[in-house]
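Here the structure comes first, spelled out in structure tokens, and everything after it is commentary.
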Amino acid sequence: MSTAPARDLICRDRVGIGFVAPGDLAEAAALDRTPGVDSLWVGGHIASRNPSPEPMAWLAGLAAVTERAVVGSAVVTLPLYPPALVAKQIADTDNASGGRVALGIGVGGEYPQEFAACHVPTKGRGARTDEAVGLLRAFWTGEPVTHDGPVFPVSDVRVHPAPAQPGGPPVLVAGRGDAAMARAARLGDGWMPYMYSPRRYRNSVGTIRALADEVGRDLSGFGWLAYIPVCVDDDEDTALRETAAFLGGTYQQDFTELARHIAAAGTVDRVAERLAAYVDAGARHLVLLPTRRGDDTITRVLAEVAPRLRGMSG
-18 MSTAPARDLI CRDRVGIGFV APGDLAEAAA LDRTPGVDSL WVGGHIASRN
32 PSPEPMAWLA GLAAVTERAV VGSAVVTLPL YPPALVAKQI ADTDNASGGR
82 VALGIGVGGE YPQEFAACHV PTKGRGARTD EAVGLLRAFW TGEPVTHDGP
132 VFPVSDVRVH PAPAQPGGPP VLVAGRGDAA MARAARLGDG WMPYMYSPRR
182 YRNSVGTIRA LADEVGRDLS GFGWLAYIPV CVDDDEDTAL RETAAFLGGT
232 YQQDFTELAR HIAAAGTVDR VAERLAAYVD AGARHLVLLP TRRGDDTITR
282 VLAEVAPRLR GMSG
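Structure below.
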């Protein structure tokens, strides 16, 4: 296994703390300099319901303005992209950043219009993703690749130079269903679900380990990540209400009740308790999405919550 920075940090049995990066790159650069921030993450879409950055471009921008933290995608909708293009973009970004890139991937489907815009069918997107992951790793060797796959056949294609991380950056599988867990068990370097309660996260860890055992795969060095909305406020009801409004605005649904189960929102003690439950369930790297920008949530998480969580590691 590579000991390059991103893989070493993401795939270890110590608690790491990361944040979804703010939309302003100058703010992201300042956050990179903040002690205790292990990673910064970007997401996005090509054609979603709400305005959104394109994740590969945004990841490159984040890598350019940071020097220390791991930078990752959370997530790239992989079936929308030719694997050779993703391999090249990620390899170049990894080299430019000194090996700090992690690639979070998903199959998408919640926005059919972006599949139509890219002339990619939503049907079969899981199989496209599986084939693409194998090709990414082949391309990241920097050697010529011939592949007779059903979707992405290539003949003697060389994508080079190879990434800074030998074997390429860690590929982290996101999702919520059985197919995503199977993909993580068979092909991923880590698991990064979204909108999971601690109990559901614990169950997914058991499922992925069992599936890996079935195919004879050793999960040593596998990354266990959890993507969690977070809001710190001295009034728990206010924190939950604002978190539900934030998530509801993104997905145009009522998240009032769901926010209690899939977010860490409330007082410092309540947020620490919720995040500790994810660590206890098996998560080792927490990707935190502040649901209220411009306040002191990040500061309070780092100063008052993170020390309690890091003490749980191992």
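So that you can map any letter, position 46 of the sequence shown is 27 in the working numbering, and since no number is skipped, the others follow by simple counting.
Cβ coordinates follow ideal geometry from the N, Cα and C atoms, glycine included.
Counted within 10 angstroms of its Cβ, other Cβ atoms place residue i as buried (16 or more) or exposed
| i | result |
| --- | --- |
| His26 | buried |
| Gln146 | buried |
| Arg14 | exposed |
| Val196 | exposed |
| Thr278 | buried |
| Met162 | buried |
| Leu66 | exposed |
| Asp218 | exposed |
| Ala(-15) | Residue confidence for Ala(-15) is low, a pLDDT of 48 falling below 50, so the modelled location carries little weight; the figure read from the coordinates is stated next. It is buried - the Cβ of Ala(-15) has at least 16 other Cβ atoms within 10 Å. |
| Ala97 | exposed |
| Pro179 | buried |
| Asp194 | exposed |
| Arg30 | exposed |
Own chain partners of residue i with C-beta closer than 7 angstroms, once the 5 adjacent residues on each side are dropped
| i | result |
| --- | --- |
| Glu223 | Cys212, Thr272, Arg273 |
| Gly17 | Ile(-2), Leu283, Ala287 |
Coarse secondary structure for residue i, derived from DSSP in three states
| i | result |
| --- | --- |
| Tyr92 | coil |
| His266 | strand |
| Thr280 | helix |
| Ala245 | strand |
| Leu153 | strand |
| Val252 | helix |
| Thr224 | helix |
| Thr237 | coil |
| Thr122 | coil |
| Thr58 | strand |
| Pro286 | Here residue 286 turns out to be Val, not Pro, going by the sequence shown. Correct three-state label for Val286: helix. |
| Gly197 | coil |
| Ala(-15) | At Ala(-15) the pLDDT is 48, less than 50, meaning the model places this residue with poor confidence; the figure from the coordinates comes in the next sentence. Of the three classes helix, strand and coil, the one that applies to Ala(-15) here is coil, per DSSP. |
| Ile189 | helix |
| Asn31 | coil |
| Thr15 | coil |
| Met293 | coil |
| Asp159 | helix |
Those residues which DSSP pairs with residue i across a bridge
| i | result |
| --- | --- |
| Tyr175 | Tyr208 |
| His128 | Val135 |
| Ser20 | Gly(-1), Val51 |
| Val213 | Gly247 |
| Arg271 | Note on residue identity: the sequence assigns Pro, not Arg, to residue 271. Paired residues: Val211. |
Contact set for residue i: own chain, Cβ-Cβ below 6 angstroms, skip 5 residues either direction
| i | result |
| --- | --- |
| Ala220 | Cys212, Asp214, Ala246, Gly247 |
Closer than 6 angstroms: residue i CB and nearest the ligand ADP heavy atom
| i | result |
| --- | --- |
| Asp215 | What this structure holds is no ligand at all, so the ligand ADP is not there to describe. |
- Task: Scan the region 61 to 115 and note each continuous beta strand (DSSP E) run of 3 residues or more that stays entirely inside, going in chain order.
- Result: Secondary structure remark: continuous beta strand (DSSP E) runs of at least 3 residues inside the region 61 to 115, in chain order: 82 to 87.
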